[in-house]
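One structure below.
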Amino acid sequence: GAGVSQSPSNKVTEKGKDVELRCDPISGHTALYWYRQSLGQGLEFLIYFQGNSAPDKSGLPSDRFSAERTGGSVSTLTIQRTQQEDSAVYLCASSLVGGGGGTDTQYFGPGTRLTVL
Amino acid sequence: AQSVSQHNHHVILSEAASLELGCNYSYGGTVNLFWYVQYPGQHLQLLLKYFSGDPLVKGIKGFEAEFIKSKFSFNLRKPSVQWSDTAEYFCAVNTLDNYGQNFVFGPGTRLSVLP
């Protein structure tokens, strides 16, 4: 596609429910990133995929958070047993090359605004 | 671990004023540096980037940034701001380690330009 897309754009859920957030990266981009942006906060790195593998999971805040990427394309971020502190905008970004040299530019999607009641 | 700090949380300027937003990082190796901007209601987009060569880089909309290696800084500047520059600005550092790329973003600086 022309850019990174994310769905849904907004998600309201009740505390304790599971949610799935989807990211479609730019076609051909091998690297994919998930971030969280809480109100008044900067970007918090969550996880990074190089192809289908995730060499860096250090940013996932708890074991309730998981992510997968299939076919080197679409990625899903799953939050189990959501808590109110999970409320944030979840951003996805993709870049062309990934592990090669660190010169990649990330292209961001519009984000999914998650509200946990 | 790498970290990125941005000097100001919120900057308020009048139109035509000059702008400088500070960014410092902590990493002793080779870095690639970025400034991203998020306009109200829009998603993050790249403003400019530095990989190598001339440490003074120019980006879109009249923005520029200077990489000063000795100061671990990458400050963003614009000689004359406009109301449309009102946005959140994020400095980011990309390094390469054994796990691949490592993007670290600063906390952001909110710029409000008064008409």
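Line by line, the protein sequences are chains A and B.
Residue 67 in our numbering sits at position 67 of the first sequence, with consecutive numbering throughout.
Residue 1003 in our numbering sits at position 3 of the second sequence, with consecutive numbering throughout.
Ideal Cβ positions, reconstructed from N, Cα and C, are used throughout, including at glycine.
DSSP places A/Asp24 inside the beta strand (DSSP E), whose first and last residues are Val19 to Asp24. Spanning the alpha carbons of B/Lys1061 and B/Gln1082 requires a straight line of approximately 10 Å. Annotation for A/Glu14: Leu117 place their beta carbon closer than 7 Å to its own, counting only its chain and skipping 5 residues before and after. Flagged as an interface residue toward chain A: B/Phe1103, by a C-beta distance shorter than 8 Å. In terms of beta-carbon proximity, B/Asn1094 lines the interface with chain A, with at least one pair separated by less than 8 Å. For A/Tyr33, the chain B residues whose Cβ falls inside 8 Å of its Cβ are Phe1103, in order along the chain. Relative to the Cα of A/Arg36, the nearest Cα in the group A/Ser66, A/Ile47 and A/Val89 belongs to A/Val89. With a threshold of 8 Å between beta carbons, A/Pro110 makes contact with chain B.
As for any beta strand (DSSP E) of minimum length 3 sitting wholly inside the stretch 1023-1096 of chain B, the runs are 1023-1026, 1032-1038, 1045-1050, 1056-1058, 1064-1068 and 1073-1078, ordered along the chain.
Under the 10 Å beta carbon count, A/Arg69 is surrounded by 16 or more other beta carbons and is classified as buried. Our two residues, A/Gly42 and A/Gly71, have alpha carbons roughly 30 Å apart in a direct line.
By the Cβ criterion, the stretch 1015-1035 of chain B is in contact with the stretch 1069-1081 of chain B, since at least three pairs of Cβ atoms, one from each stretch, lie closer than 8 Å. The stretch 28-95 of chain A contains, as complete beta strand (DSSP E) runs of 3+ residues, the segments 31-37, 43-50, 53-56, 65-69, 75-79 and 88-95 (chain order).
Comparing C-alpha distances from B/Phe1074 to each of B/Phe1090, B/Leu1111 and B/Gln1038 shows the shortest one belongs to B/Phe1090.
Contact between A/Gly111 and A/Ser5 is ruled out by a C-beta separation of about 11 Å, above the 8 Å threshold. When the alpha-carbon of A/Ser73 is set against those of A/Ile47, A/Leu91 and A/His29, the nearest one is in A/His29. A/Asp18 is the residue among A/Asp18, A/Ser7, A/Ala2 and A/Pro8 whose C-alpha sits nearest the C-alpha of A/Gln84.
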